[in-house]
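Quick note on numbering: my numbering labels position 171 of the sequence shown as 171, and the sequence is numbered without any gaps. Cβ coordinates follow ideal geometry from the N, Cα and C atoms, glycine included. Predicted, not measured: the structure shown is a model, and the values here were computed from it. Down below is the structure, laid out as structure tokens.
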Amino acid sequence: MDAQARQQQTRKAEAFKVLHERPGIFVIPNPWDAGSARMLASLGYQALATTSAGYAFSQGKPDGGLSLDDTLANVRAIVAATDLSVAVDLENGFADAPAESAQSLIRAAEAGAVGGSIEDATGREDSPIYCFEHAVARIEAAVAAVRSLPFPFTLTARAENYLHGNPDLNDTIRRLQAFAEAGADVLYAPGLRTAEEVLAVVRAVAPKPVNVLMSGGLKLTVQQLEEMGVKRISTGSALALAAFGEFFRAAEEIQQSGTFTFTSHSMPYARANQFFKG
């Protein structure tokens, strides 16, 4: 990375940090490729975050089926597509060992990311969540790694209980509090189901900023989440699933009905093409 690129990355990192420090809430949508990133940037969003599931689906693989190299290639494409700050979903850092997982954050920074998340999910069905002590050690290593960078990389620590069949709010909060004490910048428990659970998490880790996933069962507005003290809202795979859902319904209509009514509400070619000019 040349000097100009380093300066640009530092500027993006500082802008991303400010988003988490200033009053109010912001939405960080999740593009799955460069094209969806360009479209989101055109709408005025201030930052973007990758989606491991959305990108995996676009590559014909299940969530969790990508390598670190795959993920970083997508990061580079999204970073190049817009001038926005980009954070990366690094899953479990693609390693169990704290030092190896933390190194994935350094590689993400080298790819142009200014933020990223590490989760306490193992990726193994027989033992889906790391034990408490090991999960904390992984975040401690991640914090040490990102603090070695020459710009303020925003580290998000994720507690994954709710996504893996263990909706234990007390254990989730215990983990998030430990991650906060270890130095994580943002706390995130995807899969929370109610406003009460969201509020409990926000209060438990205050004044650290909390990210809430608005995808699936949680039905709250930006205003409601702001009133609860949430700082950041992400969409996970929701936008990718919306796109894939429309694509599938259109193809299914052709196959089953022999009709093309979906074209009446498709985005016009000229408008779509305009997003990718310049």
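Taking 6 Å as the limit between beta carbons, can you name the residues of its chain near residue i, skipping five residues before and five after?
i	result
ASP185	THR154 and LEU155
GLN279	Absent from the model: residue 279. The displayed extent of the chain is 1 to 278, so no value can be given.
Counting C-beta neighbours from all protein chains within 10 Å, is the total for residue i 16 or more, i.e. buried, or is it exposed?
i	result
ASP83	exposed
GLU160	buried
ILE254	exposed
VAL18	exposed
GLU252	exposed
PHE94	buried
GLU181	exposed
ALA145	buried
CB-CB under 7 Å to residue i, same chain, minus the five flanking residues each way: which ones, in chain order?
i	result
ARG38	ALA81, THR82, PHE275 and PHE276
ALA41	THR82 and LEU84
ALA135	ASP120 and ARG175
Excluding the 5 residues flanking residue i on each side, which residues of the same chain have their C-beta closer than 8 Å to its C-beta?
i	result
ILE78	PRO31, ASP33, ALA34, ALA37, LEU48, THR50 and VAL86
LEU192	TYR162, VAL198, VAL201, VAL212, LEU213 and LEU218
PRO167	ASN161, GLY191 and ARG193
ARG107	LEU68 and LEU72
GLY165	PRO128
If I'm right that residue i touches residue j with Cβ under 8 Å, what's the distance once you round it to whole angstroms?
i	j	result
VAL114	ALA13	4 Å
ALA99	ALA141	6 Å
LEU220	ALA195	6 Å
GLU119	ARG158	4 Å
ILE25	SER234	Actually they do not touch by this definition, with Cβ atoms about 12 Å apart.
Just to confirm the assignment, what range does the beta strand (DSSP E) spanning residue i have?
i	result
GLY115	115-119
TYR188	186-188
SER347	In the structure as shown, the chain begins at 1 and stops at 278. Residue 347 is therefore absent and cannot be evaluated.
LEU48	47-49
ILE129	First-last for ILE129: undefined, no H or E at that position.
ARG232	232-234
PHE94	Here PHE94 belongs to no beta strand (DSSP E), and DSSP marks it neither H nor E.
Can you name the start and end residues of the alpha helix (DSSP H) that residue i belongs to?
i	result
THR154	Element bounds for THR154: not the alpha helix (DSSP H) but the beta strand (DSSP E), 154-158.
ASN74	68-81
ASN170	169-182
Check: Any chance the stretch 243-261 sits against the stretch 44-53, with 3 or more Cβ pairs inside 8 Å?
Finding: The stretch 243-261 is not in contact with the stretch 44-53.
Notebook entry, point to check: Any contact of the stretch 221-228 with the stretch 247-257, i.e. 3+ C-beta pairs under 8 Å?
Noted result: no
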